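In my numbering, the protein residues as written are 4 to 231.
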(Lines of atoms letter the chains of each structure in order from A and count residues from 1; the text may use other names and numbers.)
(Lines give C-alpha, C1' and ligand atoms only; values in the text may rest on other atoms or scores of the structure.)
Protein backbone atom coordinates (compact mmCIF):
# COMPACT_ATOMS: atom_id res chain seq x y z
CA UNK A 1 0.00 0.00 0.00
CA UNK A 2 1.30 3.45 -0.92
CA UNK A 3 2.53 5.67 1.90
CA UNK A 4 1.45 8.80 0.02
CA UNK A 5 -1.34 10.53 1.95
CA UNK A 6 -1.80 13.53 -0.36
CA UNK A 7 -1.09 13.47 -4.08
CA UNK A 8 -2.00 16.57 -6.08
CA UNK A 9 -1.20 16.81 -9.78
CA UNK A 10 -1.25 19.87 -12.08
CA UNK A 11 -3.59 21.91 -9.86
CA UNK A 12 -4.92 25.16 -11.26
CA UNK A 13 -7.41 27.54 -9.70
CA UNK A 14 -8.90 30.56 -11.42
CA UNK A 15 -11.46 33.08 -10.25
CA UNK A 16 -13.68 34.98 -12.67
CA UNK A 17 -14.94 38.47 -11.97
CA UNK A 18 -17.14 39.70 -14.79
CA UNK A 19 -15.10 39.47 -17.98
CA UNK A 20 -11.72 39.08 -16.31
CA UNK A 21 -10.16 35.90 -14.93
CA UNK A 22 -7.40 35.66 -12.32
CA UNK A 23 -5.15 32.59 -12.18
CA UNK A 24 -4.32 32.08 -8.50
CA UNK A 25 -2.74 28.61 -8.80
CA UNK A 26 -0.94 27.68 -11.99
CA UNK A 27 -0.21 23.99 -12.52
CA UNK A 28 1.18 22.93 -9.14
CA UNK A 29 1.92 19.35 -8.11
CA UNK A 30 2.64 18.15 -4.58
CA UNK A 31 2.94 14.94 -2.58
CA UNK A 32 2.92 14.47 1.19
CA UNK A 33 3.89 11.06 2.55
CA UNK A 34 2.89 9.42 5.81
CA UNK A 35 4.59 11.11 8.76
CA UNK A 36 6.15 13.82 6.57
CA UNK A 37 6.17 17.51 7.53
CA UNK A 38 5.96 19.90 4.57
CA UNK A 39 5.72 23.68 4.82
CA UNK A 40 4.71 26.09 2.06
CA UNK A 41 6.15 29.56 2.44
CA UNK A 42 5.01 32.63 0.57
CA UNK A 43 4.01 36.24 1.02
CA UNK A 44 0.38 37.33 1.31
CA UNK A 45 -1.36 36.96 -2.05
CA UNK A 46 0.95 34.22 -3.34
CA UNK A 47 -1.94 31.73 -3.46
CA UNK A 48 -0.86 29.43 -0.64
CA UNK A 49 -4.11 29.58 1.36
CA UNK A 50 -6.16 28.98 -1.81
CA UNK A 51 -3.97 25.97 -2.56
CA UNK A 52 -4.53 24.55 0.94
CA UNK A 53 -8.29 24.95 0.60
CA UNK A 54 -8.23 23.09 -2.72
CA UNK A 55 -6.03 20.32 -1.33
CA UNK A 56 -8.31 19.94 1.67
CA UNK A 57 -11.49 19.79 -0.37
CA UNK A 58 -12.86 23.10 0.90
CA UNK A 59 -12.82 24.29 -2.72
CA UNK A 60 -12.53 22.57 -6.09
CA UNK A 61 -9.61 23.04 -8.48
CA UNK A 62 -10.30 24.50 -11.90
CA UNK A 63 -8.26 21.63 -13.30
CA UNK A 64 -5.95 18.90 -12.05
CA UNK A 65 -6.65 16.20 -9.50
CA UNK A 66 -6.30 15.63 -5.74
CA UNK A 67 -5.92 12.18 -4.21
CA UNK A 68 -6.32 11.59 -0.46
CA UNK A 69 -5.07 8.25 0.85
CA UNK A 70 -5.27 6.80 -2.65
CA UNK A 71 -8.82 8.01 -3.40
CA UNK A 72 -9.78 10.69 -5.92
CA UNK A 73 -11.03 13.56 -3.80
CA UNK A 74 -11.68 16.66 -5.88
CA UNK A 75 -14.51 15.16 -7.96
CA UNK A 76 -16.59 14.02 -4.97
CA UNK A 77 -19.73 15.78 -3.78
CA UNK A 78 -19.75 18.05 -0.74
CA UNK A 79 -21.03 15.38 1.67
CA UNK A 80 -18.48 12.79 0.48
CA UNK A 81 -15.61 15.27 0.76
CA UNK A 82 -16.80 16.14 4.26
CA UNK A 83 -16.75 12.46 5.21
CA UNK A 84 -13.18 11.99 3.97
CA UNK A 85 -12.03 15.17 5.71
CA UNK A 86 -13.50 13.88 8.97
CA UNK A 87 -11.83 10.48 8.50
CA UNK A 88 -8.38 11.48 7.25
CA UNK A 89 -7.72 15.22 7.61
CA UNK A 90 -7.40 17.73 10.43
CA UNK A 91 -7.50 21.51 9.91
CA UNK A 92 -6.06 24.44 11.85
CA UNK A 93 -7.00 27.88 10.54
CA UNK A 94 -5.40 31.28 11.05
CA UNK A 95 -8.71 32.43 12.52
CA UNK A 96 -9.51 29.49 14.77
CA UNK A 97 -13.21 29.22 13.76
CA UNK A 98 -14.30 27.97 17.17
CA UNK A 99 -18.02 28.03 17.87
CA UNK A 100 -18.51 30.83 20.43
CA UNK A 101 -21.54 29.30 22.17
CA UNK A 102 -19.71 26.06 23.01
CA UNK A 103 -17.04 25.32 25.61
CA UNK A 104 -13.47 24.36 24.75
CA UNK A 105 -14.32 20.72 25.48
CA UNK A 106 -17.42 20.80 23.26
CA UNK A 107 -15.52 22.48 20.40
CA UNK A 108 -12.80 19.84 20.49
CA UNK A 109 -15.27 16.94 20.77
CA UNK A 110 -17.47 18.07 17.88
CA UNK A 111 -15.63 16.41 14.94
CA UNK A 112 -15.84 13.04 16.71
CA UNK A 113 -19.48 13.55 17.65
CA UNK A 114 -20.28 13.85 13.94
CA UNK A 115 -19.27 10.23 13.42
CA UNK A 116 -21.99 7.61 13.50
CA UNK A 117 -22.02 5.44 16.60
CA UNK A 118 -19.67 7.71 18.53
CA UNK A 119 -19.76 7.06 22.28
CA UNK A 120 -20.01 10.31 24.24
CA UNK A 121 -17.90 8.79 27.02
CA UNK A 122 -15.08 7.93 24.60
CA UNK A 123 -15.36 11.24 22.77
CA UNK A 124 -15.20 13.21 26.02
CA UNK A 125 -12.18 11.22 27.17
CA UNK A 126 -10.30 11.88 23.92
CA UNK A 127 -11.19 15.60 23.95
CA UNK A 128 -10.09 15.95 27.57
CA UNK A 129 -6.79 14.19 26.82
CA UNK A 130 -6.01 16.51 23.92
CA UNK A 131 -6.86 19.63 25.88
CA UNK A 132 -4.54 18.38 28.59
CA UNK A 133 -1.80 17.79 25.98
CA UNK A 134 -2.08 21.39 24.77
CA UNK A 135 -1.99 22.69 28.35
CA UNK A 136 -5.65 23.59 28.76
CA UNK A 137 -6.99 21.01 31.21
CA UNK A 138 -7.99 23.96 33.44
CA UNK A 139 -10.03 25.55 30.63
CA UNK A 140 -12.41 22.72 29.67
CA UNK A 141 -15.62 24.61 30.40
CA UNK A 142 -14.46 28.02 29.17
CA UNK A 143 -15.95 29.42 25.97
CA UNK A 144 -13.74 30.96 23.24
CA UNK A 145 -14.57 34.51 24.37
CA UNK A 146 -13.05 33.70 27.75
CA UNK A 147 -9.75 32.51 26.28
CA UNK A 148 -6.66 34.36 25.04
CA UNK A 149 -5.62 34.23 21.39
CA UNK A 150 -2.96 31.61 22.10
CA UNK A 151 -5.41 29.53 24.13
CA UNK A 152 -8.02 29.64 21.35
CA UNK A 153 -5.42 28.47 18.85
CA UNK A 154 -4.47 25.58 21.14
CA UNK A 155 -8.14 24.58 21.35
CA UNK A 156 -8.26 24.66 17.55
CA UNK A 157 -5.17 22.46 17.45
CA UNK A 158 -6.76 19.94 19.83
CA UNK A 159 -9.91 19.94 17.69
CA UNK A 160 -7.86 19.17 14.56
CA UNK A 161 -6.21 16.23 16.31
CA UNK A 162 -9.23 14.66 17.98
CA UNK A 163 -10.03 12.42 15.00
CA UNK A 164 -6.41 11.20 14.84
CA UNK A 165 -6.00 12.35 11.23
CA UNK A 166 -3.45 10.95 8.81
CA UNK A 167 -2.69 14.50 7.65
CA UNK A 168 -3.01 17.81 9.42
CA UNK A 169 -3.32 20.96 7.32
CA UNK A 170 -2.66 24.32 8.93
CA UNK A 171 -3.28 27.72 7.34
CA UNK A 172 -1.10 30.42 8.94
CA UNK A 173 -1.64 28.84 12.40
CA UNK A 174 0.56 31.45 14.08
CA UNK A 175 -0.36 34.43 11.91
CA UNK A 176 -2.30 36.32 14.58
CA UNK A 177 0.00 35.54 17.50
CA UNK A 178 2.97 37.36 18.99
CA UNK A 179 6.39 35.81 18.34
CA UNK A 180 6.73 34.09 21.73
CA UNK A 181 3.28 32.49 21.51
CA UNK A 182 3.81 31.62 17.83
CA UNK A 183 7.00 29.71 18.63
CA UNK A 184 5.21 27.78 21.40
CA UNK A 185 2.32 26.85 19.09
CA UNK A 186 4.72 25.75 16.36
CA UNK A 187 6.76 23.63 18.80
CA UNK A 188 3.54 22.06 20.04
CA UNK A 189 2.46 21.28 16.46
CA UNK A 190 5.71 19.45 15.71
CA UNK A 191 5.65 17.60 19.04
CA UNK A 192 2.09 16.37 18.56
CA UNK A 193 2.80 15.41 14.94
CA UNK A 194 5.41 12.97 16.18
CA UNK A 195 3.19 11.68 18.99
CA UNK A 196 0.30 10.98 16.61
CA UNK A 197 2.59 9.81 13.77
CA UNK A 198 0.77 11.99 11.25
CA UNK A 199 1.81 13.99 8.23
CA UNK A 200 1.57 17.77 8.38
CA UNK A 201 1.21 20.43 5.69
CA UNK A 202 1.51 24.04 6.84
CA UNK A 203 1.26 27.25 4.85
CA UNK A 204 2.89 30.28 6.40
CA UNK A 205 4.64 33.53 5.59
CA UNK A 206 7.06 32.91 8.49
CA UNK A 207 10.15 31.28 7.00
CA UNK A 208 11.86 31.03 10.39
CA UNK A 209 9.11 28.85 11.83
CA UNK A 210 8.86 26.76 8.67
CA UNK A 211 12.49 25.63 8.76
CA UNK A 212 11.81 22.68 11.07
CA UNK A 213 9.86 20.98 8.25
CA UNK A 214 11.25 18.03 6.29
CA UNK A 215 10.67 20.02 3.09
CA UNK A 216 10.09 23.73 2.53
CA UNK A 217 8.36 24.81 -0.70
CA UNK A 218 8.40 28.44 -1.77
CA UNK A 219 5.37 29.84 -3.56
CA UNK A 220 5.03 33.05 -5.54
CA UNK A 221 2.22 34.14 -7.89
CA UNK A 222 0.70 30.65 -7.88
CA UNK A 223 3.92 28.84 -8.79
CA UNK A 224 6.74 27.02 -7.01
CA UNK A 225 9.91 29.11 -7.08
CA UNK A 226 13.52 28.56 -6.06
CA UNK A 227 14.51 30.39 -2.88
CA UNK A 228 16.40 33.53 -3.74
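All C-beta atoms in this analysis are idealised placements derived from N, C-alpha and C, irrespective of residue type, glycine included.
Source: prediction; values computed, not measured.
Proximity to residue 203 [Cα-Cα], best of 24, 33, 39 and 136 = 39
message = Could you compute how far the alpha carbon of residue 210 sits from the alpha carbon of residue 224?
response = 17 Å
request  = Please state whether DSSP places residue 191 in a helix, a strand or coil.
outcome  = helix
request  = Report the rounded CA-to-CA distance for residue 216 versus residue 184, giving the unit in angstroms.
outcome  = 19 Å
task = Kindly indicate which residue of 197, 94, 60 and 104 has the alpha-carbon position closest to the one of residue 85.
result = 60
inquiry  = Between which residues of its own chain and residue 76 is the CB-CB distance below 7 Å, once the five residues before and five after are set aside?
reply    = 60, 69, 70, 84 and 87
Check whether residue 65 and residue 106 have beta carbons under 8 Å apart = no
With 16 other Cβ atoms within 10 Å as the buried cut-off, status of residue 4 = At residue 4 the pLDDT is 44, less than 50, meaning the model places this residue with poor confidence and gives no usable figure here.
key: DSSP-derived helix/strand/coil call for residue 138   = coil
inquiry  = Using CA atoms only, rank isn't needed, just tell me which of 177, 147, 200 and 103 is closest to residue 36.
reply    = 200
ask   = Who does residue 17 pair with in a DSSP beta bridge?
value = 26
query = DSSP three-state call for residue 4: helix, strand or coil?
reply = The predicted model places residue 4 with a pLDDT of 44, which falls under 50 and marks its position as unreliable; any figure quoted below should be read in that light. Of the three classes helix, strand and coil, the one that applies to residue 4 here is coil, per DSSP.
key: Rounded distance between the beta-carbons of residue 154 and residue 142, thought under 8 Å   = 6 Å
inquiry  = Between 146, 188 and 123, which has its C-alpha nearest residue 213's C-alpha?
reply    = 188
task = Just tell me which of 6, 131 and 156 has its CA closest to the CA of residue 102.
result = 156
Own chain, CB closer than 7 Å to residue 12, minus 5 neighbours either side, in chain order = 32, 67 and 68
key: Cα-Cα separation, residue 58 to residue 14   = 9 Å
Cα-Cα separation, residue 121 to residue 132 = 17 Å
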